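Worksheet for the structure shown next.
Protein chains: 2
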Amino acid sequence: MATHHLASWAHNLLYSDLPQDVVRAAIKTFYNWAGCAVGGSDHPAATIARSTLTPFFGQPTASLLGTSYSVDAQHAALLNGIASHVHDYDDTHLDTIIHPAGPVASALLAVAQWKGGFSGKEFLLALIVGIEAECKLGLSVWPEHYDVGWHITSTTGSIGAAVAVSKLLGLSIQQTSHAIGIAATQVTGLREMFGAHTKSFHPGRAAQNGLMAAIMAQGGYTSSLQALEAKRGWANVIGATKPDVQANMDKWLGIAQETHGVGLPVGAATGRWEILRNSFKPFPCGIVIHPVIDACSRLHVELEARGLAVGDIQSVHATVHPLVLELTGKAKPRDGLEGKFSFYHGGAIGLLYGKGTPAQYEDAVVQDPEVIATRDRIRGTADSSLAADEARVVLTMNDGEVLQSHVLHAVGSLEVPMGDEALEAKFIDQCSSVLGDGVHAASQACWAIVEAEDVASISKALCTC
Amino acid sequence: MATHHLASWAHNLLYSDLPQDVVRAAIKTFYNWAGCAVGGSDHPAATIARSTLTPFFGQPTASLLGTSYSVDAQHAALLNGIASHVHDYDDTHLDTIIHPAGPVASALLAVAQWKGGFSGKEFLLALIVGIEAECKLGLSVWPEHYDVGWHITSTTGSIGAAVAVSKLLGLSIQQTSHAIGIAATQVTGLREMFGAHTKSFHPGRAAQNGLMAAIMAQGGYTSSLQALEAKRGWANVIGATKPDVQANMDKWLGIAQETHGVGLPVGAATGRWEILRNSFKPFPCGIVIHPVIDACSRLHVELEARGLAVGDIQSVHATVHPLVLELTGKAKPRDGLEGKFSFYHGGAIGLLYGKGTPAQYEDAVVQDPEVIATRDRIRGTADSSLAADEARVVLTMNDGEVLQSHVLHAVGSLEVPMGDEALEAKFIDQCSSVLGDGVHAASQACWAIVEAEDVASISKALCTC
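Chains as they are written, first to last, in UniProt numbering: chain A, 1 to 465; chain B, 1 to 465.
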């Protein structure tokens, strides 16, 4: 039932069914993903993957964003997916901590450019369908599936990508069901890989898995038509540690509950849309650090306004949710990657730079004596009465003066989302060194996707060829 | 520890460490795999995969066996892997029901032909290393991992293929560890796909996953160095339903137990070799049916010798292990695929043809009135005192005479393995319609692999180009 239900919903959904805020969320999701894919294109995880896999590249029909390379669509999906995730700077569906765009948008843009002739509206509809599919499936197995050690972005992402590409290419309900099955049987992503190149391989491989599944299903390759719900199908196997996983999946997919506004009402425009719960990171690091960076960035502004220097600070005291110390308590980070797991570093760059962009996570910044000296003056206290996106930071100056900042909801949360201007600043910051003068045209092309006659033109705007 | 231990063992093993019976088992495994890959090359699961993926093929450096096509090595690994498994006729490691050769040999032959210059001995050493790796890992998680719904051939096969290709290409221990990690994070294969094309996709994709992992690791792509044993690594995640899975893996990998003759002693030639426990199927169907086909084939000979016809049989009574009725109790199979899950059909073709080759599983044979009439006279009784590879069949003729056959160990079991002649007859039967006059040269080339200066020549003997 679940497989058929999901395939039917995806097949039947019309662009005219989409509320305007859902379309708007999809544009922002695409925009943020594109900036991340361009911005990550020169990271070693992307460049090593590209160089090692070069002997396998097929006909060049799809662009590697941020580069002058064209490759076959499968490898474009893989490599753009890797680049989009490698800085941990992409979108987050906060209820499941899935990063939805990597698998889905990477697969879709590769197929759209390869085949050609797809409008922005067709693309956005497929993007929304894929993201809803992966996030609903994520909710079905959350949190046990993640807790046991699966990287939920890619384990659900293969299926999301398959559904999205099936939608874009107009596959039948039965073909879409087979595509779901071929994708579901490729369960990619162990959390043990966090911290290594292979972490960003996960959303890339999920994009490729899903693309391949849809193309094979379109040509008649058969799978199970009960891939999600069967006794030895996806939910029961990868959610084996979750009680009642099937009932939970039925709930989230809206089976027999269409009238309750939950799940995926077949072909209807009401119900809960997961894409509205997608968020964008202002800082390329673990999301629990964000409130500290936000609070310290506000204090940076106040220090400047009052003519005070960071060197005048005697001590910094941050009160945070307990998870912050547990997950990001690295007091002496040695390089950029370790800096992403240090709230001390987050606080220091907030105070010193008033922001946290990829530049503040370069090795040289993490090793800078002034940054280290600031970091060493920061102390943290866990307080479980604080929310996860809340922080209080108190500065005591050398002359005894006290400055305070209390962030109730960090920027980038659902309550205080990044606005279009902030997203654009992030895009420009990530892409300008890669795209040069073309960065503004690229930004405009991405913002205007809904009007695009052929989204292949956007791929071209995002590369240097 | 487990990841490093496995990588070290693989890296250090020398051809001179291999006992002669292990080399002999590897030759037979390769020979049987090659015949299956050629024989399955025109099955729709292979031809649909080939045609749908054609737009992605890279430089043609590796042959699709049984065809005139050359493709990039990744797609050769995938497509030869699919073909080798599609008739359910490949090898079986009976302790885990892993089909070891599909993932490992498909990856290795593709790489060997692509890169060129690998001798038969180098190839066999890598084949043995890969098969030991996947079967030991399979034993580590057996049976819970299979019971919950994973297709153990491909979930372990990706890693086996990665280790094998790493060995062939001479990767360092650290590179091999990274390759294990990149492969381990791609957990492919749900049992729900049994009965569909996607079942044979599993070993093919495992071959491709492992090949890709080794190539990426060789170029510096990083993964976890504790991918197998970490808290959120392979064994704990995919073996989450098995108690003490880590201790069990240590046991099977021979960690701290090198002196007990169990596991994988580093660089030594003693210990238990899983490849010696690999078996070959005389019949392309579920292995539990084999004793019935064997017993009925013997009765076919006896009927012929005594001038009796199958039409003279009044009733057939088979006493079998309970699993036979449970797994293969399909009394009215409608086509070849369903015939593979019908011990009634197995009995009928044994009596009528004295054999069970792919020809006896063609749709036309399953639907033949004489076959149906024979099938309908067969009754089965479960008897748990029988072994799984044992069967008793009693024929009652129309004149009241009774003929009996008692198979203690079916042909193809470890006790009564297929001899070289039987394997060769199987190879010729599978390949002659595909390779034509070239079939004998192909057979000779495969048997002589240990003497080959460059195994690329064997790839060429197995295709029609």
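Even for Gly, the Cβ is constructed at its ideal location relative to N, Cα and C.
Computed from a predicted structure; not experimentally measured.
For the candidate residues the options, whose alpha-carbon lies nearest to that of residue i?
i: alanine 382 of chain A; options: A:His345, A:Leu323, A:Leu337 and A:Gly347; result: A:Leu323
i: alanine 105 of chain A; options: A:Ala179, A:Thr29, A:Leu139 and A:Phe57; result: A:Thr29
i: isoleucine 378 of chain A; options: A:Ser315, A:Ser432, A:Leu414 and A:Leu327; result: A:Ser315
i: alanine 49 of chain B; options: A:Met216, A:Asp244 and A:Ile82; result: A:Met216
i: tryptophan 234 of chain A; options: B:Gly210, B:His151 and B:Gln226; result: B:His151
i: residue 501 of chain B; options: B:Ala73, B:Gly117 and B:Gly130; result: No answer is possible for residue 501 of chain B: it lies beyond the span of chain B, which begins at 1 and ends at 465.
i: alanine 184 of chain B; options: B:Met212, B:Glu453, B:Lys281 and B:Met193; result: B:Met212
i: leucine 327 of chain B; options: B:Arg191, B:Phe343 and B:Leu337; result: B:Phe343
i: glycine 210 of chain A; options: A:Asn236, A:Leu190 and A:Thr176; result: A:Thr176
i: leucine 276 of chain A; options: A:Pro100, A:Gln59, A:Tyr89 and A:Ala461; result: A:Pro100
i: glycine 81 of chain B; options: B:His202, B:Ser51, B:His11 and B:Ala196; result: B:His202
i: threonine 222 of chain A; options: A:His317, A:Asn248 and A:Gln174; result: A:Gln174
i: methionine 193 of chain A; options: A:Thr52, A:Trp142 and A:Ala45; result: A:Ala45
i: lysine 426 of chain B; options: B:Asp91, B:Ala10, B:Thr52 and B:Leu18; result: B:Asp91
Run the CB neighbour count on residue i, radius 10 Å, all protein chains shown included, and call it buried at 16 or more, exposed below.
i: cysteine 465 of chain A; result: exposed
i: proline 369 of chain A; result: exposed
i: arginine 334 of chain A; result: exposed
i: glycine 311 of chain A; result: exposed
i: tyrosine 15 of chain B; result: exposed
i: glutamine 20 of chain A; result: exposed
i: glutamate 304 of chain A; result: exposed
i: aspartate 244 of chain B; result: exposed
i: glycine 267 of chain B; result: A caution first: glycine 267 of chain B carries a pLDDT of 41, below 50, which makes its placement in the model too unreliable to give a value.
i: leucine 414 of chain A; result: exposed
i: asparagine 398 of chain B; result: exposed
i: alanine 445 of chain B; result: buried
i: glycine 307 of chain A; result: exposed
i: glutamine 404 of chain A; result: exposed
i: alanine 76 of chain B; result: buried
How long is the line joining the alpha carbons of residue i and residue j, rounded to whole angstroms?
i: serine 385 of chain A; j: alanine 161 of chain B; result: 50 Å
i: glutamate 134 of chain B; j: glycine 157 of chain B; result: 6 Å
i: valine 411 of chain A; j: leucine 351 of chain A; result: 16 Å
i: histidine 260 of chain A; j: glutamate 229 of chain A; result: Below a pLDDT of 50, predicted positions are generally treated as unreliable, and histidine 260 of chain A, at 45, falls in that range; no measurement from the model is reported.
i: valine 434 of chain A; j: leucine 6 of chain A; result: 39 Å
i: isoleucine 372 of chain A; j: serine 70 of chain A; result: 42 Å
i: serine 459 of chain B; j: valine 23 of chain A; result: 52 Å
i: leucine 436 of chain B; j: cysteine 36 of chain B; result: Correcting the residue identity first, residue 436 of chain B is glycine in this sequence and not leucine. Rounded to whole angstroms, glycine 436 of chain B to cysteine 36 of chain B spans 16 Å at the Cα level.
i: alanine 359 of chain A; j: isoleucine 238 of chain A; result: 38 Å
i: glycine 204 of chain A; j: leucine 79 of chain A; result: 6 Å
i: tryptophan 273 of chain B; j: lysine 340 of chain A; result: 45 Å
i: serine 457 of chain B; j: leucine 225 of chain A; result: 42 Å
i: alanine 206 of chain B; j: leucine 127 of chain B; result: 15 Å
i: aspartate 420 of chain B; j: alanine 452 of chain B; result: 19 Å
i: leucine 13 of chain A; j: glycine 120 of chain B; result: 56 Å
i: glutamate 132 of chain B; j: histidine 178 of chain B; result: 18 Å
i: phenylalanine 56 of chain A; j: glutamine 430 of chain A; result: 29 Å
i: lysine 251 of chain B; j: leucine 137 of chain B; result: 10 Å
Going along chain A in order, which residues have a C-beta closer than 7 Å to the C-beta of residue i?
i: threonine 176 of chain B; result: What threonine 176 of chain B touches in chain A: nothing, since even the nearest Cβ is about 15 Å away.
Rounded C-beta distance between residue i and residue j? I'm assuming under 8 Å.
i: glycine 356 of chain A; j: valine 301 of chain A; result: Contact doesn't hold; Cβ gap of about 14 Å is too wide.
i: threonine 111 of chain B; j: serine 200 of chain B; result: The residue asked about is misnamed: residue 111 of chain B is valine in this sequence, not threonine. Not a contact, Cβ separation roughly 21 Å.
i: glycine 286 of chain A; j: arginine 232 of chain B; result: That belief does not hold up - the Cβ atoms of glycine 286 of chain A and arginine 232 of chain B are roughly 16 Å apart, past 8 Å.
i: tryptophan 33 of chain A; j: serine 68 of chain A; result: Not confirmed; about 20 Å, so no contact.
i: glycine 189 of chain B; j: serine 154 of chain B; result: 4 Å
i: threonine 3 of chain A; j: isoleucine 180 of chain A; result: 5 Å
i: alanine 240 of chain A; j: histidine 321 of chain A; result: So it is not a contact: roughly 30 Å between Cβ atoms.
By the criterion of Cβ-Cβ separation under 8 Å, what are the contact partners of residue i in chain B?
i: serine 51 of chain A; result: Gly219
i: threonine 96 of chain A; result: Result: empty, since nearest Cβ-Cβ is about 17 Å, beyond 8 Å.
i: glutamine 74 of chain A; result: Phe56
i: asparagine 236 of chain A; result: Val148 and Gly149
Against residue i, what residues of chain B qualify as contacts under a CB-to-CB distance less than 7 Å, listed in chain order?
i: glycine 58 of chain A; result: Pro55, Phe56, Phe57 and Gly58
Name, please, each residue of chain A whose Cβ falls closer than 8 Å to the Cβ of residue i.
i: alanine 230 of chain B; result: Glu192
i: arginine 392 of chain B; result: Ordered by position in chain A, no residue passes the 8 Å Cβ test against arginine 392 of chain B, which lies about 32 Å from the chain.
i: glutamine 226 of chain B; result: Glu192
i: threonine 67 of chain B; result: Ordered by position in chain A, no residue passes the 8 Å Cβ test against threonine 67 of chain B, which lies about 17 Å from the chain.
Anything in chain C within Cβ reach of residue i, meaning under 7 Å, just list it in chain order.
i: glycine 239 of chain A; result: Given the protein chain composition of this structure (A and B), no chain C is represented.
Using the beta-carbon of each residue, which ones in chain A are nearer than 9 Å to residue i?
i: histidine 11 of chain B; result: None at all; the shortest Cβ gap to chain A is about 20 Å.
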